[in-house]
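Here's the structure, in structure tokens; my notes come after.
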Amino acid sequence: MAQQPQRIIKSSFLSSPRSYSSISNRPITLLLFLLLALFLTLGVLLPWPGSPLLLFPNRVSSYSTSLSPEAKSKWRDYTLAEAAKFVAKNGTVIVCAVSSPFLPFLNNWLITVSRQKHQDQVLVIAEDYTTLYKVNEKWPGHAVLIPPALDSKTAHSFGSQGFFNFTARRPQHLLHILELGYNVMYNDVDMVWLQDPFQYLEGSHDAYFTDDMPKIKPLNHSHDLPPPDQNGETYICSCMIYLRPTNGAKVLMKKWIEELESQVWSESIRFKANDQPAFNLALNKTAHQGDLYLLSQVAFPTGGLYFNNETWVKETKGKHVIIHNNYIIGYDKKMKRFHKYGLWLVDDHALESPLGKLQ
């Protein structure tokens with residue numbers, strides 16, 4: 010991104026025969042032009058505070074990779090079936106979907122997964138080739154891309170059409186893994202694990218999920234799907250799901266895909282244009298066909314509760330398992346909140362992640 014303006018500068022001031030000939034006999038003028046070119050170049054490479062290049066850090070990936078063309082070709086041809094077989098442990102795969110701007114969040118999440126000794130089961134579904142190559146360069150076999158690759162510049166912007174396209178692929182990936190015969194846990198990477206979540210997957214239900222409402226429930230609340238509100242809606246989060254390869258789970262995924270295919274993104278519904286409303290519709294329409302389980306709120310709180318109710322957090326200390334950094338929009342705001350609550354671990358603990366320090 011920073012090199013293109015630099016080439017323009019060189020073309021304008023140094024490469025044009027007409028410009029050069031007009032100053033060739035005027036050394037002082039030439040020196041001034043060269044100094045100006047130098048300052049402009051430094052301005053591109055080292056932006057000043059407040060420069061547009063510093064207003065949106067991490068928006069466009071700058072992660073380089075040293076993979077050979079042969080290695081890149083290998084990972085381009087890597088299939089979901091091959092990847093799932095490689096990472097599965099005890100018949101289970103842990104899945105996340107990532108575009109390159111969110112590689113730091115992936116690394117942060119992986120640190121917490123590694124602390125619970127489940128990192129070997131993780132499969133990163135890369136939504137762009139930068140992510141595919143970078144993850145497999147650092148951690149071979151743990152990333153796969155299901156074509157087509159998405160535009161990483163827009164896929165992470167909540168409410169955008171790119172974000173909708175990004176999240177709409179989720180049930181297709183999960184269904185494919187179920188059809189391969191694996192249990193699958195899906196996580197968004199704006200989460201952190203404080204304990205091992207698998208010990209909370211009681212029984213042998215088809216699908217496990219979490220409530221996205223911040224209203225406090227009793228500790229012994231029902232694990233049934235909550236009834237719809239007065240608007241006929243439930244607010245189940247689609248960002249933490251565990252599924253077994255049963256008919257009930259597959260029916261749910263197929264209905265979720267069907268509901269998403271019936272949606273058309275538009276600017277007027279941009280803040281509802283993600284996969285979660287369709288997931289809730291699918292849950293309610295297939296509830297009689299599957300065995301559903303609502304996970305404990307105290308163990309899997311929504312960000313709207315965990316980050317906004319200090320009293321509740323203190324009263325339930327030690328009982329939290331996975332914290333979701335939602336109920337806030339924006340890459341920088343999510344990172345700032347993680348920093349505030351001591352949950353941004355990458356700066357000091359990157360070596361605990363299988364990816365190590367990303368550059």
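If you want this note's numbering, it's the 1-based position in the sequence shown plus 9. For glycine and all other residues, C-beta sits at the position ideal for the given N, C-alpha and C. Since this is a predicted model, take the numbers as computed values, not measurements.
Three-state secondary structure assigned by DSSP to residue i
{"i": "Ile225", "result": "coil"}
{"i": "Ile278", "result": "For Ile278, the pLDDT reaches just 48, beneath the cut-off of 50, and the residue's location in the model is therefore unreliable, leaving the point undetermined."}
{"i": "His333", "result": "strand"}
{"i": "Lys98", "result": "strand"}
{"i": "Ala152", "result": "strand"}
{"i": "Leu290", "result": "helix"}
{"i": "Ala158", "result": "coil"}
{"i": "Tyr138", "result": "helix"}
{"i": "Tyr340", "result": "helix"}
{"i": "Ser247", "result": "strand"}
{"i": "Leu354", "result": "coil"}
{"i": "Leu252", "result": "strand"}
{"i": "Leu132", "result": "strand"}
{"i": "Lys349", "result": "helix"}
6 Å CB neighbourhood of residue i in its chain, flanking five on each side removed
{"i": "His185", "result": "Leu89"}
{"i": "Trp202", "result": "Thr121, Val122, Gln125 and Ile331"}
{"i": "Asn289", "result": "Thr243 and Ile245"}
{"i": "Glu361", "result": "Ile120 and Ser123"}
{"i": "His182", "result": "Ile134"}
{"i": "Pro180", "result": "Met262, Trp265 and Ile266"}
{"i": "Tyr138", "result": "Ala158"}
{"i": "His358", "result": "Ile120"}
{"i": "Phe114", "result": "Val198 and Asp199"}
Residue j beta carbon less than 7 Å from that of residue i
{"i": "Thr140", "j": "Val107", "result": "yes"}
{"i": "Ile250", "j": "Tyr195", "result": "yes"}
{"i": "Phe309", "j": "Thr219", "result": "yes"}
{"i": "Tyr302", "j": "His232", "result": "yes"}
{"i": "Gly100", "j": "Asn192", "result": "yes"}
{"i": "Leu261", "j": "Gly299", "result": "yes"}
{"i": "Glu136", "j": "Leu159", "result": "yes"}
{"i": "Ala3", "j": "Lys264", "result": "In the structure as shown, the chain begins at 10 and stops at 368. Residue 3 is therefore absent and cannot be evaluated."}
{"i": "Leu352", "j": "Leu112", "result": "no"}
{"i": "Gly190", "j": "Pro254", "result": "yes"}
{"i": "Tyr72", "j": "Lys147", "result": "no"}
{"i": "Asp197", "j": "Cys248", "result": "yes"}
{"i": "Lys81", "j": "Gln130", "result": "no"}
{"i": "Gly257", "j": "Asp205", "result": "no"}
{"i": "Leu354", "j": "Asn117", "result": "yes"}
{"i": "Ala177", "j": "Leu132", "result": "no"}
{"i": "Tyr217", "j": "Leu304", "result": "yes"}
Residue i: CB within 6 Å of a non-hydrogen atom of the ligand NAD
{"i": "Met222", "result": "Although the ligand NAD was asked about, the structure shown includes no ligands whatsoever."}
Cβ shell of residue i (< 7 Å), same chain only, five flanking positions each side left out
{"i": "Lys343", "result": "Asp199, Asn334 and Ile337"}
{"i": "Lys83", "result": "none"}
{"i": "Lys328", "result": "Val307 and Ala308"}
{"i": "Gln128", "result": "Leu119, Val122 and Pro363"}
{"i": "Lys294", "result": "Lys264"}
{"i": "Arg346", "result": "Phe316, Asn334 and Ile337"}
Contacting residues, own chain, Cβ-Cβ under 8 Å from residue i (five flanking each side not counted)
{"i": "Glu267", "result": "Ala291"}
{"i": "Asn317", "result": "Pro223 and Tyr336"}
{"i": "Ile225", "result": "Gln306, Leu314, Asn318 and Trp321"}
{"i": "Tyr209", "result": "Leu304, Ser305, Ala308, Phe309 and Val330"}
- prompt: At which residue ranges does the stretch 182 to 220 contain complete beta strand (DSSP E) runs of 3 or more residues, listed in the order of the chain?
  reply: 192 to 196, 200 to 202 and 216 to 220
message: Please give me, in chain order, every unbroken run of the beta strand (DSSP E) with length at least 3 that falls completely inside the stretch 294 to 326.
response: 301 to 303
task: Could you tell me whether the stretch 144 to 158 touches the stretch 228 to 239, using the rule of 3 or more Cβ pairs below 8 Å?
output: no
- prompt: Is the stretch 264 to 271 touching the stretch 321 to 331, taking contact as three or more C-beta pairs under 8 Å?
  reply: no
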